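In order, the protein sequences belong to chains D and R. Under the numbering used here, residues 16 to 672 are what the first sequence spells out, in order. Under the numbering used here, residues 16 to 672 are what the second sequence spells out, in order. Glycine included, C-beta positions come from ideal geometry on N, C-alpha and C. It should be emphasised that the depicted structure is a prediction, and the values quoted were computed from it without experimental measurement. Comments concern the structure below.
2 protein chains.
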Amino acid sequence: MLRGIEHTITFLPSNRKVVVAAGTNLIKAAREAGLHINASCGGAGVCGKCRVIVEQGDVGGGRSEKLSPDDYALGYRQACIAVVTADLTVRIPQESGISGGALATAVPERHRARMHVFEVDRLKQEGIFEPPVEKLCLELTPPSAVDNRADVGRMIQGLADQYDLHRLVTGFPVLRKIRRVMRENNFLITVTVGRPVNEKFRTQIVNVQSGCWASRNFGLAIDIGTTTVYGQLLDVNSGKVLTEEGDYNAQISYGEDVISRIMYAERPEGLARMSDLVTGTINGVIKRLLDRTVPPYGLTTERITIDEINSVTIAANTTMTHLFLGLEPENIRRSPYVPVSTFFPPIRASDLGLNLPPHALALVYPAVSSYVGGDIVAGVMGSGMYRTELLTLYIDIGTNAEIVIGNRDWLVCAACSAGPAFEGGGITHGMRAATGAIEDFSLNPETYEPMNITIGHKPPIGICGSGLLIIVASLFENCLINQAGRFNPIKSPRLRQGRSGVEYVLAWAEDAGVDHDIVINEVDIENFIRAKAAIFAGAKTLIEEVGLQISDLEQVILAGAFGSYIDLDCAMTVGLLPEFDTGKVIYVGNGSLMGARMSGLSNHIRKDVVKVVRKMTSFELSEVASFKDQYVASMFLPHTDMTLFPRVAKKLISCTR
Amino acid sequence: MLRGIEHTITFLPSNRKVVVAAGTNLIKAAREAGLHINASCGGAGVCGKCRVIVEQGDVGGGRSEKLSPDDYALGYRQACIAVVTADLTVRIPQESGISGGALATAVPERHRARMHVFEVDRLKQEGIFEPPVEKLCLELTPPSAVDNRADVGRMIQGLADQYDLHRLVTGFPVLRKIRRVMRENNFLITVTVGRPVNEKFRTQIVNVQSGCWASRNFGLAIDIGTTTVYGQLLDVNSGKVLTEEGDYNAQISYGEDVISRIMYAERPEGLARMSDLVTGTINGVIKRLLDRTVPPYGLTTERITIDEINSVTIAANTTMTHLFLGLEPENIRRSPYVPVSTFFPPIRASDLGLNLPPHALALVYPAVSSYVGGDIVAGVMGSGMYRTELLTLYIDIGTNAEIVIGNRDWLVCAACSAGPAFEGGGITHGMRAATGAIEDFSLNPETYEPMNITIGHKPPIGICGSGLLIIVASLFENCLINQAGRFNPIKSPRLRQGRSGVEYVLAWAEDAGVDHDIVINEVDIENFIRAKAAIFAGAKTLIEEVGLQISDLEQVILAGAFGSYIDLDCAMTVGLLPEFDTGKVIYVGNGSLMGARMSGLSNHIRKDVVKVVRKMTSFELSEVASFKDQYVASMFLPHTDMTLFPRVAKKLISCTR
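Structure (C-alpha cells):
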C-alpha cells in the first residue's frame, strides 16, 4: 500500500505527539495518541463537546453552529469535524478532556497487531514460487509431406524438445481450437500447462493461443465469507495482486449465519438457490476485477480478458464451500456434524456456474471438519503458521471463532461457539461494522463522559464488535464494572437502572442518529463475556489437551476483519486474548484470501495443504470433558484465575483502593 | 447367434447337396451349391426363367402367373419364390440351368471368409478381462460423535479397508449426491470406480448408489461409420452384448463421403451441425439399445436405465471422430493431410452432447493418421491382429480401403483411394447394398444367361459392390472379358455396343425394377479394376517396403460390411486379394465395433492400444515412389504378373484354347 501524506500532531497539555495521515480528524488523532476528548455524537459535530484549541498550524473545517464566532476566533475547533491538513499543536481544554491529575492514568499508547505482509519474494527465494499454471511459447515447424503428424502431436513434441516436458495430457477444449490457433500465426503458439500437485501425475495442457503470450498469465483468488466475498486478480508470473474487489455474499438475504443458510438449503430447490446466489456474487466480483484492469500490466497494453484467466483458487468455511459447490449441507448442522467432504477435486470452473473459460480450473481449499473450514486452513497456510517453529495460537473471530494451535510439527484446532456478540448480535444496541457504529471509545476516568468514535463520523446508531470490546474494557479498567461484569454502585448521570440491569448511556438521544439513548447494559456485558470466554476457554482447553500451557505460546495470529480492529490491550484486559507481549501478535487480515492467493502461486503450497490438513487434529470442544470447566472459569473479567493475567491484576488494584 | 432350423437340399442332375436355413429360397440354395439357374429378375418371380422341379419334399410358394397349372401339377416351381420348408430333392431342367456337359465346369463350392468370433472367455483365460469400470458394494459404519469424518472420507476408508483400494480421487458429481445416497440405505452403498489405464495414476470414484448394485455394470460400444452408426449395450461384468442397434449416420444427407462432410463442416456453423447430427444419431441408438433391455438381464428384473451406463467406448475413422468431437477437420482433406489429433483424452460423455449421466466417460479410439483412423486401430485390436505371430494382411474396404500389414511385432498401414466402386459409385447402374441391388450372380457358361440374386428378392434396380465383384469375376472366368477388362468378340443377345463401350445386359427392362435395361459396361469394369488395383497395389507396396513379399503373408483379415459378402474365389480371380488358401482368410465383421467393445471390457487392451498406435507406421502411398508402378501393374485381371496368380492362370487357359 502506498503511504500518503502524513502530519505530526502535538497534543497539549500532555505534549503527546502522534503522526497521522492528512485528512484524519482530530478526535481520531487524539484517540491514536491515547488521549480522551469528550465526544458523544461519534464525530458528527452535533454534541459540540469535543472543543479543542488549535495553537499552531491550521485545520480544515472544525466548525458547526455549536461553535460561536468568538470561540472560533480564539482558535477553538470541534475536534470531531476538524481535519488534519498540516503539522499542528492542539490543546485539549479541561472541559473537553481530563484534568491534569488524571493525565498520568490516561490510556497508554495503543497496541494493535502488526500486519503480516505476504511476501512473494520470499516464496521465490525459498524456491516454492512455482505457479500451478505456466504459459510457454512454442515455435513449431509447419507440417510437410515428410512430417504430417497431427497438430496435437506436433505441439507435444515441441514441448518435449523445447521445454523437456513429458507425460502430457491434452484438455478437450484445446483440441477444439488448436488447428486454427496453430495456423493463425505460422505455428507460433502459446501453451498453457497445468502442473499437477504430485509430480508423478500428468501435466495438463489446458489452453493454446496464437502467438507468444507467455507474459500474460492470470489467476483469481477468492474468499467466500458468510457475509462478504473477496477476490483478487493475480499476475501469476510475478505473484502480484493486480486488482482486488469485494461484495456482500448475496445469500445474506436468506440469513446472516451459516445455520440459517443451511436451513434454507434444505428446502426444495433451496440448495440450488444458495449456490446460484453466491456464484452470482463471485461472477460480479470477477467482472469488476477485470473491468478494473487498465494498462499497463505486464508487457502489453491490453485489458485482461476473461479468457486469460486460467485458474481460480477458492477458500471458504465448510458451509460456504458446500453451498457454493452444491453439496448437501444438512449434516453440518446436525450432531455429529458430518460434512459431505473435506477434500475437493479440481473442478472445471464453468461447471460451477462461474463465468470463466472452459479450461479454467477451480481449486477449492480442503477443510478439516464441519466447523474448521478451508478458510482456516488457508489462513494457516497464508500466515506461514504451517511452517513456523514458534508455538502459535491462530484465532479467526466471527460468529464462530476458529482456533488453531501448533507449529510446523503439529496442529490442533477447534471451533468455538462464540455467539454473534462480536458482530453486534445479542447486544441491545449492537450492530454490524457499518456507518454510525461506535467502533472506538474512551472513557473520561473522572467524569465518565464518553469519547465515541463512529464509522463514517455519523451520529452513533449502535455498537459494533470492536467498539463493544473497547467499551467493556474501558468500563472495567475504570472500575465502573466488576469482574463479574456488573456495574459498581457509582453515581453518574450516565449510569441508570434499565430493563436489563444497570446501563451506561453512551449517547443521549439528542446526540445519536436514532431517536433513543444508546446504552450498554449488564445483559449485553454478560453476552460479551460469554463470547470471549468461549474463545479463551477453547484455546486453553486445546493447548492443555496437548499437554502445554497458555504461557507456552510464542506467537498469536489474528485473522478476519474483526482482528484488524482489535485493541490488543483491551483484548487482554477483558481476557479475550491471553496476556502476552503485544509485539508477538500478528494480524494477517483476510487469511483465507491470502491462503487462496498463495495456492494460486505455488504448487509446493498446494501439495503442503494436503499434508497440513491431515496434520490438523480437530477437537469437538463439547466432547472434551474439561472444556465446560474452562468455560465457567473464563466467565469473569479477565478470568477467575488472575495468575493468568498479572498485568490486569495490577491495574485492578486501583478499583479496590 | 442361434442356429435356426436347417434343411438339406439335393440338386439334380448334379447331385450336389447343400444345407440351408428354413426360409431360404431355392435360387439362393442353388447359388450356395455353386449351381447356376437362369434368373434375370433377381428373385421376384417376374421373369419366370428359373423353373425347377421339386421331386421330393415340398416348398412354400413358388408359383406366379408365369407358371401354368399344368406345370405346377408336374412339380415345377419358380426357384426364386420357392421357399425351403423341408428337406428337398430339386431338379434343375436344362432350359433353366446348364447342360450336362457344362456341369463339370460349374462353379466349385463357394468360399467365404470364416467368421472371427469375439471370445470373452479367452480374454478371461488370458487374464486381460479387466473392465475399466468396476462396481463395489460397501457396508459402512454410520457416523458417531467419536467418528464424524466426512462422508467422502468414510467411503474412501471403506474402499481401503474392504477392497485394498488406494490413490483414489472422487468425481465431482459423486460429491453432490453421496450424502443422500449413504443415508438412504443405512450406509450400504455401491461405488463405481474407474480404473486408470496406467496403474500408477489414480483410480476415479465415478458414481455412488444406495444399496448393493454390483451386479449391474453396463457400458456402451459405438462404431461411428460414415454411413452407419452401430452400438452395443454391454454387461461389463460378464462381457456379454445385451442388445445391438444400428442407424444411418444422420450426416449422410450432407454428403456420402468424408470429403463432402469436411467441406460442409468448413461452412459457418457447419462443424457444429455435423457434430449435432451424429450425436443425435448416437443418442437415438443409445435410446433404442436401452429400450430393448427387458428382463431378465443380470440378476434383477429391472430395465437398464441410462444412469447405469458408466462408460462408452467409441471407434470411428479420423474424419468421423473429428466431426463427432467438434474438431476442425479442414486439414484432413488438404495436403499434407494433418488431423487435429490422433489421441483423445477421456471426455465426459455429456460434454459431447450424449444423453448419458454426468459421470459417464467417453473413451475415443486413437487414430494413426488422417486416413488410417480409430476404426482401423479398433479392428486391429478386435481381430487380435495386434497379438498374433502370423504375418497378417488386414483390409477394410469402403470408399477408402485401409490396409494394415504386420503382426504383434510390427505394423505398417496405409489408406488406398479405392474410389467408390465397391459402394456402387462410378458404376453406370451401381448402387448401395439396398433392396433391389444385385448382390450375387452367376453366368451360364453356355448361353451367357445370368442368374441375378437381389437384396430383398425384388426385381433388380442396380448392382452393389459384392454383386459387381462377382459379375466381373464371372465375365472374366467365362472368357467374356479379357485381362484388360475389355469384352471379347463374342456373339450373344446379352452383349451389345453401348455408349461406354461394349456392355452386358444383366436384366432386360421388363424383368427389372426400373424402366431400362440394367447393364455393366467397359467403363464400369475399368472403374472396378482401378479400385481393386489400388488396394492390391497398396498391399504389395506396403509389404515390399518392409522387405517382404505378398507370398509371405500367413493370414488375411477382412473387415467392414463389404468383407462379409466377398466371394473369396472371385476376389482372387480379379486380383483384389492375393491368391491364397481361403481357409486362412478371416472375416471380423464390424472390426471397429468389436474393438470398441474390447476396450470397454479390458484395461489391458486400452493400454495396449496406445502401444499399438505408436507401433503402426503409416505410409502415404502417394509419397512412395514404387506405388505408381505397382498400381499400373495391377490394372489387369488379375495382374500383369501372372506368376502371382497361378490358380487364375490355369483357369485362363480355357479362354485361349
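Tell me whether E404(D), by its Cβ, gets closer than 7 Å to a heavy atom of the ligand FAD. The ligand FAD is not among the ligands present in this structure, which contains no ligands whatsoever.
Spatial neighbours of C56(R) within its chain, please: C-beta separation below 6 Å, excluding the five flanking residues on both sides. The residue given as residue 56(R) occupies position 41 in the second sequence. The beta carbon of C56(R) lies closer than 6 Å to those of C62, P474 and D526 in the same chain, with the five residues before and after it left out.
Whether F358(R) touches V196(D) by CB criterion (8 Å): Numbered from 1 along the second sequence, position 343 holds the residue referred to as residue 358(R). Numbered from 1 along the first sequence, position 181 holds the residue referred to as residue 196(D). Result no, Cβ atoms of F358(R) and V196(D) do not sit closer than 8 Å.
Top-ranked residue by Cα proximity to G341(R), from V105(D), P188(D) and A552(D): For this step, residue 341(R) is matched to residue 326 along the second sequence. Of the candidates V105(D), P188(D) and A552(D), the one whose C-alpha sits nearest the C-alpha of G341(R) is P188(D).
Please identify, using Cβ separations under 8 Å, the residues of the segment 202-222 of chain D that lie next to chain R, in order along the chain. For the segment 202-222 of chain D, which is checked against every Cβ of chain R, the residues closer than 8 Å are K215, F216 and R217.
Name the residue from R621(R), F233(R), K622(R) and I601(R) whose alpha carbon lies nearest to the alpha carbon of F133(R). Counting from one through the second sequence, the residue named residue 133(R) turns up at place 118. Cα-wise, what sits closest to F133(R) is I601(R).
Please return the same chain residues whose Cβ sits closer than 6 Å to the Cβ of P157(R), not counting the five positions on each side in sequence. Position 142 of the second sequence, counted from the first residue, corresponds to residue 157(R). Its chain contains F202 as the residues whose beta carbon lies nearer than 6 Å to that of P157(R), once the 5 sequence neighbours on both sides are disregarded; these appear in chain order.
Under 7 Å (Cβ pairs) to chain D, residues found in the segment 325-340 of chain R: Contacts with chain D (Cβ-Cβ distance below 7 Å) from the segment 325-340 of chain R involve L340, listed in chain order.
Quick one: Cα of T120(R) to Cα of R402(R), how far? Within the second sequence, residue 120(R) is the residue found at index 105, counting from 1. Within the second sequence, residue 402(R) is the residue found at index 387, counting from 1. With a pLDDT of only 41 at T120(R), under the threshold of 50, the placement of this residue in the model should not be trusted; the figure read from the coordinates follows. Roughly 41 Å between the two C-alpha positions.
For L608(D) and A97(D), the rounded distance between their alpha carbons: Your numbering for residue 97(D) matches position 82 in the first sequence. Your numbering for residue 608(D) matches position 593 in the first sequence. Roughly 36 Å separates the two Cα atoms.
Taking all protein chains shown into account, do 16 or more other C-beta atoms lie within 10 angstroms of the C-beta of K665(R), making it buried, or fewer, making it exposed? Against the second sequence, residue 665(R) aligns to sequence position 650. Exposed.
If you count every other CB in all the chains shown that lies within 10 Å of the CB of N30(R), and 16 or more means buried, which is it? Walking along the second sequence from the start, residue 30(R) turns up at place 15. N30(R) should be labelled exposed.
Range of the contiguous beta strand (DSSP E) that encloses P465(R): As a working mapping, residue 465(R) is identified with position 450 in the second sequence. DSSP places P465(R) in the uninterrupted beta strand (DSSP E) bounded by P465 to T469.
Beta-carbon within less than 8 Å of I535(D)'s beta-carbon, same chain only, minus the 5 sequence neighbours each way: which residues are those? Position 520 of the first sequence, counted from the first residue, corresponds to residue 535(D). Answer for I535(D): I442, T443, H444, I478, L483, I486, V487, L490, E518, Y519 and L521, listed in chain order.
What residues in the segment 350-369 of chain R bring their beta carbon closer than 8 Å to a beta carbon of chain D? Taking a C-beta cut-off of 8 Å against chain D, the contacting residues of the segment 350-369 of chain R are S350, P351, Y352, V353, P354, V355, S356, T357, F358, F359, P360, I362 and D366, listed in chain order.
Please list the terminal residues of the continuous beta strand (DSSP E) segment that includes S633(D). One-based indexing of the first sequence puts residue 633(D) at position 618. In the DSSP assignment, S633(D) falls within the unbroken beta strand (DSSP E) covering M631 to F634.
Residue burial classification, G598(R) (beta-carbon count within 10 angstroms, cutoff 16): By 1-based counting over the second sequence, the position of residue 598(R) is 583. An exposed status is given to G598(R), since fewer than 16 other beta-carbon atoms sit within 10 Å of its beta-carbon.
Collapsed DSSP secondary structure at I685(R) in the structure displayed: Absent from the model: residue 685(R). The displayed extent of chain R is 16 to 672, so no value can be given.
Quick one: what's got a C-beta closer than 6 Å to L118(R)'s C-beta in the same chain, skipping five residues either side? Here residue 118(R) refers to the residue found at position 103 when the second sequence is read from its first residue. Here the model assigns L118(R) a pLDDT of 46, short of 50, so the residue's position is not dependable, and the following value carries that caveat. Shown here for L118(R): same chain residues with a beta carbon closer than 6 Å to its own, the five before and five after excluded, namely S29 in chain order.
Using a 10 Å radius around the Cβ and a threshold of 16 neighbouring Cβ atoms, would you call N542(D) buried or exposed? Against the first sequence, residue 542(D) aligns to sequence position 527. Residue environment: N542(D) is assigned as buried (16 or more neighbouring CB atoms within 10 Å of its CB, all protein chains considered).
Return the CA-CA distance between D584(R) and P360(D), expressed in angstroms with no decimal places. As a position in the second sequence, residue 584(R) is number 569, starting the count at 1. As a position in the first sequence, residue 360(D) is number 345, starting the count at 1. If I take the Cα positions, the gap works out to 60 Å.
From the DSSP output, which residues share a beta bridge with V529(R)? To locate residue 529(R), count along the second sequence from 1; it is residue 514. By DSSP's assignment, V529(R) forms no beta bridge with any residue.
What would DSSP say about C479(R), mapped onto helix, strand or coil? Along the second sequence, read from residue 1 onward, the residue named residue 479(R) stands at position 464. Coil, per DSSP.
Check whether the segment 406-426 of chain D touches the segment 622-641 of chain D, counting contact only when three or more Cβ pairs, one atom from each stretch, lie closer than 8 Å. Taking one beta carbon from each stretch, the segment 406-426 of chain D and the segment 622-641 of chain D have 3 or more pairs nearer than 8 Å; the two touch.
Beta-carbon proximity check, A393(R) vs G604(R), cutoff 8 Å: Numbered from 1 along the second sequence, position 378 holds the residue referred to as residue 393(R). Numbered from 1 along the second sequence, position 589 holds the residue referred to as residue 604(R). No.
Establish whether the CB of F660(D) and some CB of chain R are separated by less than 8 Å. Working through the first sequence from its first residue, we reach residue 660(D) at position 645. For F660(D), the answer is no, since every Cβ of chain R falls outside 8 Å of its Cβ.
Start and end of the beta strand (DSSP E) containing D166(R)? On the second sequence, position 151 is the one that residue 166(R) refers to. Premise fails: D166(R) lies in the alpha helix (DSSP H), D166 to Y178, not in any beta strand (DSSP E).
If distances are taken between C-alpha atoms only, which option among E145(D), Q570(D), Q219(D) and F634(D) comes closest to E417(D)? As a working mapping, residue 417(D) is identified with position 402 in the first sequence. Looking from the CA of E417(D), the closest CA among E145(D), Q570(D), Q219(D) and F634(D) belongs to F634(D).
Consult DSSP for H22(D) and reduce its assignment to one of helix, strand or coil. By one-based count along the first sequence, residue 22(D) stands at place 7. Residue state, collapsed to three classes: strand.
For the segment 171-191 of chain D, enumerate the residues whose C-beta is nearer than 8 Å to any C-beta of chain R, in chain order. From the segment 171-191 of chain D, only V184, T185, G186, F187, L190 and R191 have a Cβ closer than 8 Å to chain R.
Secondary structure of C65(D), DSSP reduced to three states: Numbered from 1 along the first sequence, position 50 holds the residue referred to as residue 65(D). Here C65(D) sits in coil by DSSP.
Which residues share a DSSP beta bridge with L103(D)? Within the first sequence, residue 103(D) is the residue found at index 88, counting from 1. DSSP, once it has assigned bridges, lists I24(D) as partnering L103(D).
Using DSSP's beta-bridge definition, name the partner residues of D424(D). By 1-based counting over the first sequence, the position of residue 424(D) is 409. Checking the DSSP bridge columns, you'll see D424(D) has no partner listed.
Near F233(D), which residues of its chain fall below 8 Å by C-beta distance, leaving aside the five closest residues on each side in sequence? Here residue 233(D) refers to the residue found at position 218 of the first sequence. Cβ neighbours of F233(D) beyond the five flanking positions: L248, L249, D250, V251, L257, I319, E323, I324 and N325.
Does the segment 206-221 of chain R come close enough to the segment 178-185 of chain R that 3 or more CB-CB pairs lie under 8 Å? Short answer: they touch.
Taking the CB atoms as reference points, tell me whether N163(R) and Y279(D) lie closer together than 8 Å. Counted from its first residue, the second sequence places residue 163(R) at position 148. Counted from its first residue, the first sequence places residue 279(D) at position 264. Between N163(R) and Y279(D), the C-beta gap is not smaller than 8 Å, which leaves the two residues out of contact.
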